[in-house]
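Protein chains in written order, with my numbering: chain B, 1 to 107; chain F, 1 to 121.
Have a look at the structure below, then the notes.
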Amino acid sequence: DIQLTQSPSFLSASVGDRVTITCRASQGISSYLAWYQQKPGKAPKLLIYAASTLQSGVPSRFSGSGSGTEFTLTISSLQPEDFATYCCQHLNSYPLTFGGGTKVEIK
Amino acid sequence: EVQLVESGGGLVQPGGSLRLSCAASGFTFSDHYMDWVRQAPGKGLEWVGRTRNKANSYTKEYAASVKGRFTISRDDSENSLYLQMNSLKTEDTAVYYCARAGVSARYFDYWGQGTLVTVSS
């Protein structure tokens, strides 16, 4: 099975900060990676798919990059509504797996 | 508007069974692969399984942790997805989400609100 390791697992940041979250795959997954945002008590929301394609309706301050085994999610200027948990997912092969999540909290 | 609404969660004893449903609306259900994902309290997301569409013979994939105990099915005439859970264990306690796979099936673009399953004696 392909393991996804996210770092950091916790991040404290201020409004306006640039934030980068990394997701590393245990083997190559091409660009079959998605990023989700989840707020407490809510379902995940798709942000990025195919490693770098912004889902319709998602603000352009979110961006994704990478291929193979290393991927990043960047928030260019953190907004109050962005404080949440972020999770990567690979869809290269079965079983599909998720990273452990990165919780972004207010500094 | 795409909507996915899960139902059927509740409290069940270890070894028991439960059937979850997911009612879909606002899109052509039969075109899409559909997935189940769960999240144990305070934990991360875990993919449970997938059903492909009619064009792909409704074939299924499952996570190892549920294979042989859980069965995914769908009724395209009712725009509904199901998860039959048997031989439930305490570690199956989680919020269960149904999710729509996007056109390429390489992402989940819509999720339901989730239904809580608690396995406890």
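We treat Cβ as the ideally placed atom computed from N, Cα and C, and that holds for glycine.
If you're wondering where the values come from, they're calculated on a predicted model, not measured in any experiment.
Beta-carbon neighbours of residue i, restricted to chain B and to distances below 8 Å
i, result
"Ala55 (chain F)", "Ordered by position in chain B, no residue passes the 8 Å Cβ test against Ala55 (chain F), which lies about 18 Å from the chain."
"Ala63 (chain F)", "Pro95"
"Arg106 (chain F)", "Tyr32, Ala34, Tyr49, Ala50, Leu91"
"Gly15 (chain F)", "Residues of chain B passing the Cβ test: none, with the nearest at roughly 25 Å."
Rounded C-alpha distance that separates residue i from residue j
i, j, result
"Leu88 (chain F)", "Val58 (chain B)", "38 Å"
"Val19 (chain B)", "Ser77 (chain B)", "7 Å"
"Leu54 (chain B)", "Pro40 (chain B)", "23 Å"
"Gly64 (chain B)", "Glu70 (chain B)", "11 Å"
"Leu81 (chain F)", "Thr72 (chain B)", "33 Å"
"Cys23 (chain B)", "His90 (chain B)", "10 Å"
"Val117 (chain F)", "Gly16 (chain F)", "12 Å"
"Gly48 (chain F)", "Gly42 (chain F)", "Looking at the sequence itself, residue 48 (chain F) is Val, so the reference to Gly does not match. If I take the Cα positions, the gap works out to 17 Å."
"Ser73 (chain F)", "Ser104 (chain F)", "20 Å"
"Asn53 (chain F)", "Ser25 (chain F)", "16 Å"
"Arg100 (chain F)", "Ser30 (chain B)", "22 Å"
"Tyr163 (chain B)", "Arg19 (chain F)", "Missing from the structure shown is residue 163 (chain B); chain B here goes from 1 to 107 and no further."
"Phe29 (chain F)", "Asn79 (chain F)", "6 Å"
"Thr90 (chain F)", "Ser120 (chain F)", "6 Å"
"Gln79 (chain B)", "Pro8 (chain B)", "19 Å"
"Cys22 (chain F)", "Val104 (chain B)", "31 Å"
"Asn92 (chain B)", "Lys67 (chain F)", "20 Å"
"Gln113 (chain F)", "Thr85 (chain B)", "17 Å"
"Tyr36 (chain B)", "Gly101 (chain B)", "9 Å"
"Phe62 (chain B)", "Pro14 (chain F)", "43 Å"
"Ser56 (chain B)", "Ala34 (chain B)", "14 Å"
"Gly28 (chain B)", "Thr5 (chain B)", "13 Å"
"Ser67 (chain B)", "Tyr32 (chain B)", "8 Å"
"Gln38 (chain B)", "Cys98 (chain F)", "15 Å"
"Phe10 (chain B)", "Thr74 (chain B)", "15 Å"
7 Å CB neighbourhood of residue i in its chain, flanking five on each side removed
i, result
"Ile106 (chain B)", "Phe83"
"Asp1 (chain B)", "Pro95, Thr97"
"Asp109 (chain F)", "Arg100, Gly102"
Proximal residues of chain F, C-beta to C-beta of residue i below 9 Å
i, result
"Phe98 (chain B)", "Val37, Gly44, Leu45, Glu46, Trp47"
"Cys87 (chain B)", "Gly44, Leu45"
Chain-order list of residues whose beta-carbon lies under 6 Å from that of residue i (same chain, five-residue window excluded)
i, result
"Gln3 (chain B)", "Ser26"
"Gln39 (chain F)", "Leu45, Ala94, Val95"
"Tyr62 (chain F)", "Gly49"
"Gln3 (chain F)", "Ser25, Gly26"
"Ser57 (chain F)", "none"
"Gln84 (chain F)", "Arg19, Thr71"
"Asn86 (chain F)", "Ser17, Arg69"
"Thr59 (chain F)", "Arg52"
Cross-chain neighbours of residue i in chain F, by beta carbon under 7 Å
i, result
"Leu46 (chain B)", "Tyr107, Phe108, Asp109"
Contacts that residue i makes with chain B (C-beta to C-beta distance below 7 Å)
i, result
"Gln113 (chain F)", "Ala43"
Cross-chain neighbours of residue i in chain B, by beta carbon under 9 Å
i, result
"Gly9 (chain F)", "Residues of chain B passing the Cβ test: none, with the nearest at roughly 14 Å."
"Tyr82 (chain F)", "Residues of chain B passing the Cβ test: none, with the nearest at roughly 19 Å."
"Gly68 (chain F)", "What Gly68 (chain F) touches in chain B: nothing, since even the nearest Cβ is about 14 Å away."
"Gly26 (chain F)", "In chain order: nothing, as chain B lies at least about 15 Å away."
Interface partners of residue i on chain F, CB under 8 Å
i, result
"Gly28 (chain B)", "Near Gly28 (chain B) there are no residues of chain F at all, since even the closest Cβ is about 15 Å away, more than 8 Å."
Cβ of residue i within 8 Å of any chain C Cβ
i, result
"Val12 (chain F)", "Judged by its chain identifiers, the structure shown contains no chain C, and its protein chains are B and F."
Cut-off 8 Å between Cβ atoms - residues of its own chain near residue i, not counting five sequence neighbours on either side
i, result
"Gly99 (chain B)", "Leu4, Thr5, Gln6, Cys23, Cys87, Cys88, Gln89"
Inset, instruction - With 8 Å as the C-beta to C-beta threshold (strictly closer), list the residues of the region 51–67 of chain B near chain F in chain order. - result: Those would be Gln55, in chain order.
Legend entry - the region 2–13 of chain F / the region 5–22 of chain B touching (three or more Cβ pairs under 8 Å): no
Inset, instruction - Output, in sequence order along the chain, the residues in the region 2–21 of chain B whose CB is closer than 7 Å to any CB in chain F. - result: none
Inset, instruction - Please list the residues of the region 86–100 of chain F that have a C-beta atom closer than 7 Å to any C-beta atom in chain B, keeping them in chain order. - result: Those residues of the region 86–100 of chain F placed with their C-beta closer than 7 Å to a C-beta in chain B are Tyr97, ordered along the chain.
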